[in-house]
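**Student:**
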Amino acid sequence: MATSGARCGSEDKSSGSLEVSIIRSKSDTPVHDNKHASAFGHTARSYGQDEEQGQPPEATDEEIKDLPHIKGKVPMATWILVVACASTNFARYGITAIFQNYIQKPRGNPLLPGALGLGQSKATTIQFAFLFFCYVTPLPMSILSDSRLGRFTTMIVSMGFLMMGYALLILTSIPPALDHGARVGGLAAAMILIGIGQGGMTATMVVFIGDQVPDTKPTVVRVKDKLAVVDRKVTIQFLFNVLFWLGNLAAMSMLPTTLLEKHVGFWVAFLMPTCIMALCVAALLICNKSLVKLPPQGNALSQAYRVLLIACRSGFRLSAADPSIHPQKAANSWTSSFVGEIRRGLTACRVMICFTIFWLCYNQAGNNFVSQASQMETGGISNDTLQVFNPIAVVLVMPIIHLLQDLMRKWKVAFGPILRMAIGFFVIGIALAYAAGLQHFIYSRGPCFSHPLACSAAVDNGSSASHERRPNDITVWLQIPLYLLLAIGESLGLVALYEYSFSEAPTNMKSLVQSIGQLTVALASVIGVALGPVSKDPYLVILYGCLAGVIGVGAIPFWMVFQRYDSEYERQTATTT
Numbered sequence: 001m002a003t004s005g006a007r008c009g010s011e012d013k014s015s016g017s018l019e020v021s022i023i024r025s026k027s028d029t030p031v032h033d034n035k036h037a038s039a040f041g042h043t044a045r046s047y048g049q050d051e052e053q054g055q056p057p058e059a060t061d062e063e064i065k066d067l068p069h070i071k072g073k074v075p076m077a078t079w080i081l082v083v084a085c086a087s088t089n090f091a092r093y094g095i096t097a098i099f100q101n102y103i104q105k106p107r108g109n110p111l112l113p114g115a116l117g118l119g120q121s122k123a124t125t126i127q128f129a130f131l132f133f134c135y136v137t138p139l140p141m142s143i144l145s146d147s148r149l150g151r152f153t154t155m156i157v158s159m160g161f162l163m164m165g166y167a168l169l170i171l172t173s174i175p176p177a178l179d180h181g182a183r184v185g186g187l188a189a190a191m192i193l194i195g196i197g198q199g200g201m202t203a204t205m206v207v208f209i210g211d212q213v214p215d216t217k218p219t220v221v222r223v224k225d226k227l228a229v230v231d232r233k234v235t236i237q238f239l240f241n242v243l244f245w246l247g248n249l250a251a252m253s254m255l256p257t258t259l260l261e262k263h264v265g266f267w268v269a270f271l272m273p274t275c276i277m278a279l280c281v282a283a284l285l286i287c288n289k290s291l292v293k294l295p296p297q298g299n300a301l302s303q304a305y306r307v308l309l310i311a312c313r314s315g316f317r318l319s320a321a322d323p324s325i326h327p328q329k330a331a332n333s334w335t336s337s338f339v340g341e342i343r344r345g346l347t348a349c350r351v352m353i354c355f356t357i358f359w360l361c362y363n364q365a366g367n368n369f370v371s372q373a374s375q376m377e378t379g380g381i382s383n384d385t386l387q388v389f390n391p392i393a394v395v396l397v398m399p400i401i402h403l404l405q406d407l408m409r410k411w412k413v414a415f416g417p418i419l420r421m422a423i424g425f426f427v428i429g430i431a432l433a434y435a436a437g438l439q440h441f442i443y444s445r446g447p448c449f450s451h452p453l454a455c456s457a458a459v460d461n462g463s464s465a466s467h468e469r470r471p472n473d474i475t476v477w478l479q480i481p482l483y484l485l486l487a488i489g490e491s492l493g494l495v496a497l498y499e500y501s502f503s504e505a506p507t508n509m510k511s512l513v514q515s516i517g518q519l520t521v522a523l524a525s526v527i528g529v530a531l532g533p534v535s536k537d538p539y540l541v542i543l544y545g546c547l548a549g550v551i552g553v554g555a556i557p558f559w560m561v562f563q564r565y566d567s568e569y570e571r572q573t574a575t576t577t
C-alpha cells in the first residue's frame, strides 16, 4: 500500500498508523468497557510501546474472539478528506433540493417559487432522468479511475466538473438569462456537467476514504487498563458512519437554499453552496500530499475479464479459472486469492441489485414528496423546506445506531450488514405506507380533495389568472414522521451497503464495484420515469401503497437469501484484515 508524505499540522509521519499498543501480559483479561465511549464509539489509548518489536502485537484467534473490537486512529488528513467529500453533499443537496420547484413551478408566485413552469409530471420525469445519468456515469469514471488516473486524480477532476456545472446553473438562472431564453437549455447543459462530476465522486469518494485505513491485521491495545482488539473493519465502519453523518449534516444546506429561492432568487440559492464547496476543495488540495494514493492497476480489470470469461465458458463456474485447480487457465497471470476476490465481489453485486427498489422508494423524497407538500398548508414556508428534516433525523439517528452496534459487539449479538440492510428495507416500506396514508388524508380534505390546487375553489379572490392557489386543508408538518422513517431506513441500509461492498470488492477494482452498485440507482430512475404518468393526482395513494408493499414484504426474502453472507463476512474480515 502506498504511503503518504508529511501530515498537515503536527500529524504523526507514519501514514494511517493505528494507536500504539503494549506488550501482552498473563494478567491481562478481556473486559468490555463502554464507560469512555463517545457518540461514535471507543478510541484506543496509548499506554507504552513494545520495545522489542516497535509495533503493536498481532491479536491471536482467541483474542479476536473474546476481546472487544475497537477502531484505530484516523489521521488528520483523512478527516480533511471526509469534510471535503461532505462539502460536495452540501452543494449537491442544497442545489438539487430546489430543482423540483425550479423546473415545475412558473415564475411569479410569491408562495411557491419557480422558474421553468413545466409541471409536476415533466419535472418528476426530468428529475429521474437526471438521477439516471448521475448513476450511469460512475461506471466509465470507475474504469478510468481503476485503470488509468487513480482514485485521487479522478476525484479532483470530478470536483472540477461539478464546479463548472454549478457555475453554469448560476449563470443561466439569473433573471436576465431566464428572460432571454437561457432556461431549459441552460439547465440541460448544467445537468450534464453535474452528472459527470457526481458520477466520478460516487465511484471514488467512499473507496478513497477506505483506502486511508491501513490494510493491517488486528492488533491488541490497552484501553483504560483493559485489553481490546484494534480492528480495521471497525475503523472502516466508523469512517463510513461519520462520512454518512457529515454528509447528512451537510445536506441541511437545503434549508438555507429553500429560503433563498423564495426570498432572494434561485441564482443566489445555487451560489451559496457552490462557494462553500470551493473552500473545502481548496483545503483538500493543500493537504493532498498527506493522503494515501494507490496507483491504478489496469491489468486487474483485464484479468477479471478473463476470469469471468473462463467462468462463463465453463458453465458459470469460477472454480474453472482457479489456478490451483486448472493452472493452465491462469497462465501465471493471477492467483487463487484473486479468483476468491472476484467471487466475493460478485456476491456484493448480487446484494446491490436488490437495492433497486430501495432507491426507487427513497428517491420519492426528492420529487413526489416535495409536490405532496405543495398540496398542504405550509404556513408560509417553502414546500421543499420540509426535506431538511431528513438529514436532521439522520444526524440524530446515526450516533444511536453506532452505539447500538457497539452494544451488539459487546454482547456478541450478530448485527451484520445484511441484517441491517433487511431492517432498512422494512423501515423504508413503513415510510412509504405512511406516505400513502398521508396522501389519502390530503385527498379527503377540501377544497379540491383528490385534485389539490387544480379546482376553481383553490383560486384566491375568485380569479383564475391568479398564481396563488389554496392547498387542501391539512398541515404540512404531518410529513415529519415520513422523513424520520426514511432517515432510519437509509442509516441502516446504505451505510451497511457501503461497508459490505467496500470490504468484498477486489482490492484493485473497488471503484468499479462501487459504480456497479450505483447502476441500481440508475435502474430505479428508469422505473421512476416509467411511473411518471401515474406520479400525479389522483393516483398517488396507489403508487405509494404499491411501493410500500414491494419493499416491505421484499425485506423478508432478501434476508432469507443473503443471511448466510453475514457470517461469511465476519469470518473473512477477521482473517484478512
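Residue 429 in the UniProt record's numbering sits at position 429 of the sequence shown, and the numbers go up by one each step.
Glycine included, C-beta positions come from ideal geometry on N, C-alpha and C.
1) Residue 35 by DSSP, collapsed to three states: which one?
2) If you drop the 5 nearest sequence neighbours on each side, which residues of the same chain put their C-beta closer than 8 Å to that of residue 169?
3) I need the boundaries of the beta strand (DSSP E) containing residue 219, first residue and last residue.
4) Kindly list the residues whose CB is nearer than 6 Å to the CB of residue 361, restricted to its own chain and excluding five residues on each side of it in sequence; keep chain order.
5) Can you say whether residue 285 is buried or exposed, counting buried as having 16 or more other CB atoms within 10 angstroms of its CB?
6) Classify residue 365 as helix, strand or coil using the three-state DSSP reduction.
7) Measuring only the C-alpha atoms, how far is residue 565 from residue 352?
8) Within the chosen definition, does the stretch 520 to 537 reach the stretch 144 to 162 through at least 3 CB pairs nearer than 8 Å?
9) When DSSP labels each residue in this structure, what does residue 58 get in the three-state scheme?
10) Helix, strand or coil: how does DSSP classify residue 343 here?
11) Taking the alpha-carbon positions, what's the residue 377 to residue 497 distance?
12) So, for residue 266: in the same chain, excluding its five sequence neighbours on each side, which residues have a beta-carbon less than 7 Å away from its beta-carbon?
13) Are the CB atoms of residue 478 and residue 438 within a distance shorter than 9 Å?
14) How is residue 326 classed by DSSP in three states: helix, strand or coil?
15) Beta-carbon within less than 8 Å of residue 82's beta-carbon, same chain only, minus the 5 sequence neighbours each way: which residues are those?
16) What first and last residue would you give for the beta strand (DSSP E) that runs through residue 226?
17) Pull up the distance between the alpha-carbon of residue 463 and that of residue 455, whole angstroms please.
18) Select from 570, 216 and 150 the residue whose C-alpha is nearest the C-alpha of residue 419.
19) Just reading off the alpha helix (DSSP H) that residue 94 is part of, what are its end residues?
20) So if DSSP puts residue 475 in a beta bridge, which residue, or which two residues, is it bridged to?
21) Quick one: is residue 483 buried, meaning 16 or more other Cβ sit within 10 Å of its Cβ, or exposed?
22) Three Cβ pairs or more, each shorter than 8 Å: is that satisfied between the stretch 133 to 141 and the stretch 507 to 526?
23) Check residue 182 in the structure and name its three-state DSSP category.
24) Please name the residue, chosen from 150, 470, 414 and 488, that lies closest to residue 563 on a Cα-to-Cα basis.
25) Would you identify the three-state DSSP class for residue 16, choosing helix, strand or coil?
26) Would you be able to state if there are at least three C-beta pairs under 8 Å between the stretch 278 to 295 and the stretch 390 to 403?
27) Looking at the structure shown, is residue 505 part of a helix, part of a strand, or coil, going by DSSP?
28) Tell me the residue span of the alpha helix (DSSP H) that contains residue 451.
29) Pick out whichever of 301, 291, 127 and 505 has its Cα sitting closest to the Cα of residue 152.
30) Would you mind stating whether residue 112 and residue 525 have Cβ atoms separated by less than 9 Å?
31) Hey, would you say residue 631 sits closer than 9 Å to residue 558, going by beta carbons?
32) What separation, rounded to the nearest whole angstrom, lies between the Cα atoms of residue 504 and residue 345?
33) With a cut-off of 8 Å, do at least 3 Cβ pairs link the stretch 214 to 233 to the stretch 313 to 326?
34) Just how far apart, CA to CA, sit residue 43 and residue 359?
35) Under a three-way DSSP split, which group does residue 107 fall into?
36) On the CB-based measure, 16 or more other CB atoms within 10 Å of its CB, does residue 441 come out buried or exposed?
**Tutor:** By the coordinates alone:
1) With a pLDDT of 37 at residue 35, under the threshold of 50, the modelled position of that residue is not reliable, and the figure given next carries that caveat. Here residue 35 sits in coil by DSSP.
2) 95, 186, 187, 190, 194 and 270
3) 219 to 223
4) For residue 361, same chain residues with a beta-carbon under 6 Å away, outside a window of 5 residues either side, are 428, 432, 547 and 551 in chain order.
5) exposed
6) helix
7) 13 Å
8) no
9) strand
10) helix
11) 37 Å
12) 98, 102, 115 and 173
13) Yes; because the gap between Cβ atoms is below 9 Å, this pair is in contact.
14) coil
15) 209, 239, 242, 243 and 246
16) Residue 226 -> beta strand (DSSP E) spans 226 to 230.
17) Unreliable placement is indicated for residue 463, whose pLDDT of 44 sits below 50; no coordinate value is reported for it.
18) 570
19) Its alpha helix (DSSP H) spans residues 76 to 96.
20) 377
21) buried
22) yes
23) Taken through DSSP and simplified to helix, strand or coil, residue 182 comes out as coil.
24) 414
25) In this prediction, residue 16 scores a pLDDT of 39, lower than 50, which makes its location untrustworthy; the coordinate-derived value is nonetheless stated afterwards. The answer is coil: DSSP assigns residue 16 none of H, G, I, E or B.
26) no
27) coil
28) Counting along the chain, residue 451 falls outside any alpha helix (DSSP H), and DSSP gives it neither H nor E.
29) 291
30) no
31) Absent from the structure is residue 631, since the part of the chain shown begins at 1 and ends at 577.
32) Cα to Cα, residue 504 sits roughly 5 Å from residue 345.
33) With a cut-off of 8 Å, the stretch 313 to 326 and the stretch 214 to 233 do not count as touching, because too few Cβ pairs lie within range.
34) Bear in mind that the predicted position of residue 43 carries a pLDDT of just 44, short of 50, making it unreliable; the figure below should be weighed with that in mind. Going from the Cα of residue 43 to the Cα of residue 359 covers about 34 Å.
35) coil
36) exposed
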